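K.L.:
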Ligand code: NI
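Numbering (the numbering used here), first residue to last: 1 to 172.
(1) Taking the Cβ atom as the reference point for each residue, do residue 112 and residue 132 lie within a distance shorter than 9 Å?
(2) Counting only runs that start and end within the region 106 to 145, where is the alpha helix (DSSP H) found for 4 or more residues in a row?
(3) Inspect the beta-carbon positions of residue 70 and residue 58 and report whether they are closer than 9 Å.
(4) My parser needs the beta strand (DSSP E) runs of 3 or more residues fully inside the region 27 to 96; what are they?
(5) Does the Cβ of residue 96 lie closer than 8 Å to at least one heavy atom of the ligand NI?
(6) Tell me whether residue 99 sits in a helix, a strand or coil according to DSSP, three-state version.
(7) Is residue 75 near the ligand NI - that is, is its Cβ less than 8 Å away from at least one heavy atom of it?
(8) Kindly examine the ligand NI and report whether one of its heavy atoms sits closer than 8 Å to the Cβ of residue 143.
(9) Residue 100: beta carbon under 8 Å from a heavy atom of the ligand NI?
(10) Is the distance from the Cβ of residue 52 to the Cβ of residue 25 below 9 Å?
(11) Could you give the distance in angstroms between the alpha-carbon of residue 122 and the alpha-carbon of residue 75?
(12) Let me check you understand the geometry: is the CB of residue 46 closer than 8 Å to at least one non-hydrogen atom of the ligand NI?
(13) What's the gap between the Cα of residue 125 and the Cα of residue 172?
(14) Using 8 Å as the cut-off, classify the Cβ of residue 51 as near or not near the heavy atoms of the ligand NI, replying yes or no.
(15) Using a Cβ-Cβ distance under 9 Å, would residue 74 count as near chain C?
(16) Where does residue 96 land, buried or exposed, given buried means 16+ other C-beta within 10 angstroms?
(17) Thinking C-alpha only, which one of 94, 90, 2 and 28 is nearest residue 140?
(18) Quick one: residues in its chain with C-beta nearer than 8 Å to the C-beta of residue 29, no 5 flanking neighbours on either side, listed in chain order?
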């Protein structure tokens with residue numbers, strides 16, 4: 001397992017529609033291991049493959065609140081099959097947009113079909129924070145960021161801050 005650098009917005013790779021996996025092989029499992037390690041190290045509750053520059057449809061998440069209850073999940077080729085009419089507002093953040101948090105409204109519950117690490121097709125229902133997290137991560141696979149739900153002014157303010165952050169990091 002190894003830690004992988006996380007891309008920071010703006011980056012053209014974060015705007016791409018990612019390609020589906022043909023199947024789940026050892027390379028996919030290695031990628032999942034790296035992504036989980038990178039996510040826990042950050043720390044974050046979700047990480048999508050494009051955030052480490054892999055333009056493939058996979059993300060990892062763990063929305064458990066305590067370390068003892070850790071529930072690492074890997075979702076491959078995820079598809080939302082159902083959304084609730086009821087909506088929920090969460091203050092979202094993103095490892096590719098560090099230290100910026102804004103409220104985003106999304107369906108409160110979703111059903112998602114995906115391949116697990118054994119290549120088995122699974123359908124699961126998510127609610128609460130997990131529902132927001134899966135929708136945020138699936139957006140990444142389609143080149144969409146949570147700031148795309150904000151006003152143009154807010155989005156460009158955040159983008160400006162991130163450009164500054166990247167310039168500062170490049171000097172280190
Ligand atoms: Ni994100």
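Here a beta-carbon is modelled for each residue, glycine too, at the ideal position from N, C-alpha and C.
Owing to the predicted nature of the structure, the values given are computational and were not obtained by experimental measurement.
P.N.:
On the basis of the coordinates in this document:
(1) For the purposes of this step, residue 112 is taken as residue 112 along the chain shown, with counting starting at 1. For the purposes of this step, residue 132 is taken as residue 132 along the chain shown, with counting starting at 1. Cβ distance not < 9 Å, so residue 112 and residue 132 don't count as in contact.
(2) If we require 4 residues or more, the alpha helix (DSSP H) runs fully inside the region 106 to 145 come out as 128 to 141.
(3) In the chain shown, residue 70 corresponds to position 70, counting from 1. In the chain shown, residue 58 corresponds to position 58, counting from 1. Not closer than 9 Å, so no.
(4) Segments of the beta strand (DSSP E) lying fully in the region 27 to 96: 46 to 48, 58 to 61, 73 to 83 and 87 to 94.
(5) Here residue 96 is taken as the residue at index 96 of the chain shown, counted from 1. At least one heavy atom of the ligand NI is nearer than 8 Å to the Cβ of residue 96, so yes.
(6) As a first step, residue 99 must be located in the chain shown, where it is residue number 99. In the structure shown, residue 99 adopts extended strand secondary structure according to DSSP, grouped into three states.
(7) What you label residue 75 is simply residue 75 of the chain shown in a count that begins at 1. Not a single heavy atom of the ligand NI lies less than 8 Å from the C-beta of residue 75.
(8) For the purposes of this step, residue 143 is taken as residue 143 along the chain shown, with counting starting at 1. The nearest non-hydrogen atom of the ligand NI is 8 Å or more from the C-beta of residue 143.
(9) Start at 1 with the first residue of the chain shown, and residue 100 comes out as number 100. No, the Cβ of residue 100 stays beyond 8 Å of every heavy atom of the ligand NI.
(10) The count along the chain shown starts at 1 and reaches residue 52 at position 52. The count along the chain shown starts at 1 and reaches residue 25 at position 25. No; because the gap between Cβ atoms is not below 9 Å, this pair is not in contact.
(11) Indexing the chain shown from 1 puts residue 122 at position 122. Indexing the chain shown from 1 puts residue 75 at position 75. Per the coordinates, the alpha-carbon of residue 122 lies some 9 Å from the alpha-carbon of residue 75.
(12) Position 46 of the chain shown holds residue 46. Checking the Cβ of residue 46 against the ligand NI gives yes.
(13) Numbered from its first residue, the chain shown carries residue 125 at position 125. Numbered from its first residue, the chain shown carries residue 172 at position 172. Cα to Cα, residue 125 sits roughly 44 Å from residue 172.
(14) Residue 51 sits at position 51 when you count from the first residue of the chain shown. It does: the Cβ of residue 51 is within 8 Å (strictly closer) of some heavy atom of the ligand NI.
(15) Here there is only one protein chain, and chain C is not present.
(16) The residue given as residue 96 occupies position 96 in the chain shown. Buried, since its Cβ has 16 or more Cβ neighbours within 10 Å.
(17) For this step, residue 140 is matched to residue 140 along the chain shown. Checking every option, the nearest Cα to that of residue 140 belongs to 94.
(18) The sequence position of residue 29 within the chain shown is 29, counting from 1. The answer, listed in chain order, is 117.
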